[in-house]
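A.B. asks: Before anything else, here's the structure in question.
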Amino acid sequence: MVAPTLWVAVGLLVFGVAMAYFVFATFLFGAGYQPTPRRSAERMLRYAEVGPHDTVYDLGAGTGAIVFRAARTYRARVVGVEVEPIRVLVLRLRRRLGPFGDRVTIRWGNLFRLDFRPATVVTAFLWPGAMARLRPKFEAELPDGARVVSHCHRVPGWTAAEYDPETDVYLYRWPSARNPPAESGAVTGGT
Ligand SMILES: C[S@@+](CC[C@H](N)C(=O)[O-])C[C@H]1O[C@@H](n2cnc3c(N)ncnc32)[C@H](O)[C@@H]1O
Numbered sequence: 102m103v104a105p106t107l108w109v110a111v112g113l114l115v116f117g118v119a120m121a122y123f124v125f126a127t128f129l130f131g132a133g134y135q136p137t138p139r140r141s142a143e144r145m146l147r148y149a150e151v152g153p154h155d156t157v158y159d160l161g162a163g164t165g166a167i168v169f170r171a172a173r174t175y176r177a178r179v180v181g182v183e184v185e186p187i188r189v190l191v192l193r194l195r196r197r198l199g200p201f202g203d204r205v206t207i208r209w210g211n212l213f214r215l216d217f218r219p220a221t222v223v224t225a226f227l228w229p230g231a232m233a234r235l236r237p238k239f240e241a242e243l244p245d246g247a248r249v250v251s252h253c254h255r256v257p258g259w260t261a262a263e264y265d266p267e268t269d270v271y272l273y274r275w276p277s278a279r280n281p282p283a284e285s286g287a288v289t290g291g292t
């Protein structure tokens with residue numbers, strides 16, 4: 102007979118491996134998993150002045166902290182793209198069971214392969230390297246007037262129109278974000 106303590110140890114090990122997979126496995130793609138804090142998500146959507154006429158692309162949708170807030174509170178159309186299949190399942194379940202699911206599209210795939218041309222707002226909480234890779238794609242595909250809001254990390258080389266240190270959120274307006282800073286308070290730089 103196997104001692105109960107051994108079962109507990111095996112259970113903890115399996116749980117630990119599962120959690121490590123869930124949080125860290127997607128680092129290589131562009132970021133691990135951490136939900137955007139509620140206040141930061143709210144700041145991002147308010148900075149971008151999201152409304153019913155917007156199409157919000159959440160790059161790396163996680164379990165939907167931004168996706169469902171944008172659809173429910175701001176009535177936007179939202180496309181959430183996520184590479185990790187368990188999170189995609191959670192997103193699709195939330196979409197099916199919650200309100201305003203008809204305004205939400207969930208795509209399972211790599212955000213770097215997405216066409217950003219239909220987006221009026223882009224939200225991101227990704228690793229600095231991913232933000233650097235995104236910049237040329239933003240510049241090639243975003244329509245004039247689009248807003249990019251990022252939690253924690255800048256778009257390197259772009260000038261932010263706003264930065265909120267309390268929630269660590271940057272707002273960029275395309276195409277003026279590629280101009281050097283003109284006003285005091287504009288934020289530029291690397292990561
Ligand atoms: C820090 S979480 C942000 C979660 C979400 N935006 C939110 O509001 O809570 C980053 C997410 O990006 C996903 N991700 C990382 N690289 C990706 C890629 N190349 N394509 C799609 N999703 C990616 C990760 O799986 C993770 O769920």
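Residues are numbered in the working numbering as their position in the sequence shown, beginning at 1, plus a constant of 101. Glycine is no exception: its CB is placed at the ideal position from the N, C-alpha and C atoms.
Which ranges would you report for the beta strand (DSSP E) in the region 123-161 if only whole runs of at least 3 residues count?
C.D. replies: Segments of the beta strand (DSSP E) lying fully in the region 123-161: 156-160.
A.B. asks: Quick check: the region 217-227 against the region 201-208, are there 3 or more CB pairs under 8 Å?
C.D. replies: no
A.B. asks: Can you check which of these residues, Ala162, Ala104 and Ser251, is closest to Pro186 by C-alpha distance?
C.D. replies: Ala162
A.B. asks: Does the distance from the C-beta atom of Leu212 to that of Val182 stay below 9 Å?
C.D. replies: yes
A.B. asks: Between Ile207, Leu243, Pro276 and Arg140, which lies nearest to Pro219 when the distance is taken from Cα to Cα?
C.D. replies: Checking every option, the nearest Cα to that of Pro219 belongs to Leu243.
A.B. asks: Could you tell me how far apart the beta carbons of Val222 and Val157 are, in whole angstroms, since I believe they sit closer than 8 Å?
C.D. replies: 4 Å
A.B. asks: Distance, Cα to Cα, Val124 vs Ala231?
C.D. replies: 17 Å
A.B. asks: Answer with buried or exposed for Trp259, where buried requires no fewer than 16 other C-beta atoms within 10 angstroms of its C-beta.
C.D. replies: buried
A.B. asks: Using a Cβ-Cβ cutoff of less than 8 Å, which residues in the same chain neighbour Pro136 once the five nearest sequence positions on both sides are dropped?
C.D. replies: Once the five neighbours on either side are set aside, the close Cβ partners of Pro136 are Gly163, Thr164 and Ala166.
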